[in-house]
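Going down the list, the sequences are from chains A and B.
Residue 24 in our numbering sits at position 24 of the first sequence, and the numbers go up by one each step.
Residue 187 in our numbering sits at position 187 of the second sequence, and the numbers go up by one each step.
Notes for the one structure printed next.
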Amino acid sequence: MHGTFGETADAETAIIPEMKHHSYSRVVLGRFMRQPVAMTAAGILLVIILAAIFANYVAPADPFQTRVARRLAEIGTPDRWLGGDELGRDLLSRLIYGGRISLSMAVLPVAVGLFVGGLLGILAGYAGGRTNMAIMRAMDVFYAFPSILLAVAIAGALGPGLMNAVLALSMVFIPPIARMAESVTTQVRSYEFVIAARLSGASTARIMREHVLSNVAGPILVFASSQVSVSIIAASGLSFLGLGVAPPNPDWGLMLSALRQSIYVNPWVAALPGAMIFICSVCFNLVSDGVRRAMEVRR
Amino acid sequence: MLLYVVRRILYAVPIGIGVTFIVFSLVHIAPGDPISALLPNEATQEMVDEARREFGLDRPFLVQYAIWLGNAAVGNLGTSIGSGRPVATEVMSAVGNTFILATSAGLVACILGFLLGIVAGLWRDRPVDHIVNLITISGVSVPHYWLAIMLVIVFAVDLNWLPPLGIGPDRSGGWRPDWAHISHLILPTIATAAIPMAVIARTLRASVVDVLDQDFITTLRAKGLRRQSVLWHVIRNALPTALAVMGLQLGNMLGGSVLVETVFAWPGTGFLLASAIFQRDLPLLQGTMLVLSMFFVFLNLVVDLVQSATDPRIRRT
Chain A
1 MHGTFGETAD
11 AETAIIPEMK
21 HHSYSRVVLG
31 RFMRQPVAMT
41 AAGILLVIIL
51 AAIFANYVAP
61 ADPFQTRVAR
71 RLAEIGTPDR
81 WLGGDELGRD
91 LLSRLIYGGR
101 ISLSMAVLPV
111 AVGLFVGGLL
121 GILAGYAGGR
131 TNMAIMRAMD
141 VFYAFPSILL
151 AVAIAGALGP
161 GLMNAVLALS
171 MVFIPPIARM
181 AESVTTQVRS
191 YEFVIAARLS
201 GASTARIMRE
211 HVLSNVAGPI
221 LVFASSQVSV
231 SIIAASGLSF
241 LGLGVAPPNP
251 DWGLMLSALR
261 QSIYVNPWVA
271 ALPGAMIFIC
281 SVCFNLVSDG
291 VRRAMEVRR
Chain B
1 MLLYVVRRIL
11 YAVPIGIGVT
21 FIVFSLVHIA
31 PGDPISALLP
41 NEATQEMVDE
51 ARREFGLDRP
61 FLVQYAIWLG
71 NAAVGNLGTS
81 IGSGRPVATE
91 VMSAVGNTFI
101 LATSAGLVAC
111 ILGFLLGIVA
121 GLWRDRPVDH
131 IVNLITISGV
141 SVPHYWLAIM
151 LVIVFAVDLN
161 WLPPLGIGPD
171 RSGGWRPDWA
181 HISHLILPTI
191 ATAAIPMAVI
201 ARTLRASVVD
211 VLDQDFITTL
221 RAKGLRRQSV
231 LWHVIRNALP
241 TALAVMGLQL
251 GNMLGGSVLV
261 ETVFAWPGTG
271 FLLASAIFQR
281 DLPLLQGTML
291 VLSMFFVFLN
301 LVVDLVQSAT
311 DPRIRRT
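Structure (structure tokens):
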């Protein structure tokens, strides 16, 4: 990452004066938009997220309204387009509303992991020495658990609930993000321009802000974004085990768990909440792959 | 090499101790007193105090930890609140069942992941690479518990080819490699293997592509080495990375087993952990976690040692 793309662009403008200055983020965005697969995935995610946010306008029915006659209704039933659940509630509406809890449960832990893990990792990488040892060895201990197992155990000990699940999942994402942040910071710290800044008397805070952060933020963000698809599988897994929100709240993992009893009656309706988790996870993966590819400096 | 082995083993000791500390602390982050689950609601304060003394809960935290660790070291993991049997017995009987599933899923994941990764890497950007990419993207993204349910829907409910749950025809008998038991193993194996298989394939593809770009491969080709011999060099160089990922994925399968074992009612450690959570059986939760995480620490150690044996460059760092 030595010399961000922006600096290269500066060099080019110096040689060819008429060339327009493009900022690094604009270049990355441009490259991202030229990838049809990643753009499609981003579009699908955007639709799901917007539908979840504006669920009260988009959803065709009340997600809590039960109706005995529509219990496990087939897909394509007039007022139950995607079928009815085990209590006859409209599955389409519940899937739309479900995005609110399921997606928050997936994104929040990664955000906490990004903040705490990023901070710890940058601190460890920049300080080096004993601070690095202390922080990274502590992270190694959490690393020594299989990730989903750690989340299940913490959430299991804390008891069910949205906040407990988010807390448990955050503990899973802090160590890998800290490790990533530590390794890029250690690398950036040894670059000549950072050493030059230190020699010229810049304060630690200033070096951090202007030289380190701007160079480590990209790789750390990309890595964190790649964790969202892991997070959505793990978060819905906790809900599936009953460690997330309580019924009758709509949540994809919880719905999948409840409809699992009905696979002999109407298997395809039972499969739908899981399909939503799968679609989101695939799309997050494709988007994150696309961003990573757009940020790669081509050889 | 010997120095590296000794250093690596010594390094595993503090990690192992840290892990036991976290596992022990799990019970203390749990809301409420572990005693409250044991005593009736109308228990008097004296009864509570009595029970706390009996279980050593009135001692300082670190003293409790030391006592617990000492007991665990000699195989005493306490008594399960749910069944009243020793936790060690419960965990040990479940470990075998998880081991069967993990071995079979591990074999499938490693063999398929290895083949797919090599094929995709060798024929980079060709149709076969795109097909493998489609499979592995789906593989890393699939919620394995949903895949498990889908497999049950298709192969057990619709086609009626394979049993939907359980480990075998009878609950009491031990596991034997006959069709009755293997048929129960197939669906859980696929569900458990999906994610590790895809991760292994993706990593291997990347490292094959990496190796193919290196100058020595061009040299080998230029000096007229046959394709098979070049392929051997590629695999030999991609192997250390592949081994590391395989080991890590094998360990992660233990974690993922919580969900798959729940769907298939597979009587392994994951299933045990889930039931410990629902009965708020904290000693059982602690014991299961301790055994699983210690195994994971050990597995990481083995992976590092094997990796350093196959790639001398690692020892220097």
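For glycine and all other residues, C-beta sits at the position ideal for the given N, C-alpha and C.
Other residues of its chain near residue i: CB distance less than 6 Å, five sequence neighbours each side excluded
{"i": "Thr136 of chain B", "result": "Ala198, Ala201 and Arg202"}
{"i": "Asp311 of chain B", "result": "Pro240"}
{"i": "Val172 of chain A", "result": "Ser147, Leu150 and Ala151"}
{"i": "Ala61 of chain A", "result": "Asp90 and Ser93"}
Rounded C-alpha distance that separates residue i from residue j
{"i": "Ile135 of chain A", "j": "Leu120 of chain A", "result": "7 Å"}
{"i": "Val291 of chain B", "j": "Gly139 of chain B", "result": "28 Å"}
{"i": "Val48 of chain B", "j": "Leu151 of chain B", "result": "49 Å"}
{"i": "Arg236 of chain B", "j": "Ser80 of chain B", "result": "48 Å"}
{"i": "Ile207 of chain A", "j": "Gly125 of chain A", "result": "13 Å"}
{"i": "Val110 of chain A", "j": "Leu248 of chain B", "result": "21 Å"}
{"i": "Met1 of chain B", "j": "Arg209 of chain A", "result": "42 Å"}
{"i": "Leu299 of chain B", "j": "Ala43 of chain B", "result": "45 Å"}
{"i": "Ser288 of chain A", "j": "Pro169 of chain B", "result": "45 Å"}
{"i": "Ala42 of chain A", "j": "Ser141 of chain B", "result": "15 Å"}
{"i": "Leu108 of chain A", "j": "Leu213 of chain A", "result": "22 Å"}
{"i": "Leu158 of chain A", "j": "Ser257 of chain B", "result": "21 Å"}
{"i": "Met289 of chain B", "j": "Leu220 of chain B", "result": "49 Å"}
{"i": "Ile118 of chain B", "j": "Leu212 of chain B", "result": "11 Å"}
{"i": "Ala165 of chain A", "j": "Ala235 of chain A", "result": "7 Å"}
{"i": "Asp351 of chain A", "j": "Leu72 of chain A", "result": "What the structure shows of chain A is the stretch from 1 to 299, and residue 351 of chain A is not part of that stretch, so it cannot be assessed."}
{"i": "Asp210 of chain B", "j": "Asn160 of chain B", "result": "45 Å"}
{"i": "Gly253 of chain A", "j": "Leu77 of chain B", "result": "33 Å"}
{"i": "Pro273 of chain A", "j": "Trp266 of chain B", "result": "23 Å"}
{"i": "Ile300 of chain A", "j": "Arg130 of chain A", "result": "Outside the shown range of chain A (1 to 299) lies residue 300 of chain A, about which nothing can therefore be said."}
{"i": "Arg85 of chain B", "j": "Gln286 of chain B", "result": "15 Å"}
{"i": "Gly117 of chain A", "j": "Tyr4 of chain B", "result": "29 Å"}
{"i": "Val87 of chain B", "j": "Leu284 of chain B", "result": "6 Å"}
Local conformation of residue i per DSSP, three classes
{"i": "Pro248 of chain A", "result": "coil"}
{"i": "Thr44 of chain B", "result": "coil"}
{"i": "Arg137 of chain A", "result": "helix"}
{"i": "Leu305 of chain B", "result": "helix"}
{"i": "Pro78 of chain A", "result": "coil"}
{"i": "Gly290 of chain A", "result": "helix"}
{"i": "Asn160 of chain B", "result": "coil"}
{"i": "Thr66 of chain A", "result": "coil"}
{"i": "Phe145 of chain A", "result": "coil"}
{"i": "Pro31 of chain B", "result": "coil"}
{"i": "Tyr264 of chain A", "result": "coil"}
{"i": "Val142 of chain B", "result": "coil"}
{"i": "Leu72 of chain A", "result": "coil"}
{"i": "Ile167 of chain B", "result": "coil"}
{"i": "Arg124 of chain B", "result": "coil"}
{"i": "Met1 of chain B", "result": "coil"}
{"i": "Gly201 of chain A", "result": "coil"}
{"i": "Asp10 of chain A", "result": "Here Asp10 of chain A scores only 48 on pLDDT, less than 50, and its place in the model should not be relied on; the value that follows carries that caveat. Asp10 of chain A falls in the helix class under three-state DSSP."}
Beta-carbon neighbours of residue i, restricted to chain A and to distances below 9 Å
{"i": "Phe296 of chain B", "result": "Ala144, Phe145, Pro146 and Leu149"}
Contacts of residue i in chain A (Cβ-Cβ under 8 Å)
{"i": "Ile217 of chain B", "result": "Ordered by position in chain A, no residue passes the 8 Å Cβ test against Ile217 of chain B, which lies about 16 Å from the chain."}
DSSP beta-bridge partners of residue i
{"i": "Gly161 of chain A", "result": "Paired residue(s): none; Gly161 of chain A is not in a bridge."}
{"i": "Pro86 of chain B", "result": "B:Thr79"}
{"i": "Asp90 of chain A", "result": "A:Gly84"}
Contacting residues, own chain, Cβ-Cβ under 8 Å from residue i (five flanking each side not counted)
{"i": "Thr262 of chain B", "result": "Tyr145, Gly270, Phe271 and Ala274"}
{"i": "Pro127 of chain B", "result": "none"}
{"i": "Met39 of chain A", "result": "Phe32, Met33 and Gly290"}
{"i": "Val37 of chain A", "result": "Leu286 and Gly290"}
{"i": "Thr77 of chain A", "result": "Arg70, Gly83 and Gly84"}
{"i": "Arg189 of chain A", "result": "Gly125, Tyr126, Gly128 and Val212"}
Contacts that residue i makes with chain B (C-beta to C-beta distance below 7 Å)
{"i": "Val141 of chain A", "result": "Ile15, Gly18, Val19 and Ile22"}
{"i": "Val282 of chain A", "result": "Ile137, Ser138 and Ser141"}
Partners in chain B for residue i, counting only beta-carbon separations shorter than 8 Å
{"i": "Asn285 of chain A", "result": "Ile137, Val140 and Ser141"}
{"i": "Pro267 of chain A", "result": "Ile153, Val157 and Asp158"}
{"i": "Leu87 of chain A", "result": "Ordered by position in chain B, no residue passes the 8 Å Cβ test against Leu87 of chain A, which lies about 19 Å from the chain."}
{"i": "Ile154 of chain A", "result": "Leu26 and Ile29"}
Cut-off 7 Å between Cβ atoms - residues of its own chain near residue i, not counting five sequence neighbours on either side
{"i": "Ile75 of chain A", "result": "Leu82, Gly83, Trp268 and Val269"}
{"i": "Asp58 of chain B", "result": "Arg52"}
{"i": "Ala246 of chain A", "result": "Pro160"}
Interface partners of residue i on chain D, CB under 9 Å
{"i": "Pro163 of chain B", "result": "Looking for chain D here will not work: the only protein chains present are A and B."}
Per-residue contacts from residue i into chain A (C-beta, under 7 Å)
{"i": "Thr262 of chain B", "result": "Leu241"}
{"i": "Tyr65 of chain B", "result": "Those within 7 Å of Tyr65 of chain B in chain A number zero; the least Cβ separation is about 14 Å."}
Check: residue i C-beta below 7 Å from any heavy atom of the ligand COA
{"i": "Ala43 of chain B", "result": "By its list of ligands, the structure shown contains no ligand whatsoever, and the ligand COA lies outside what it can speak to."}
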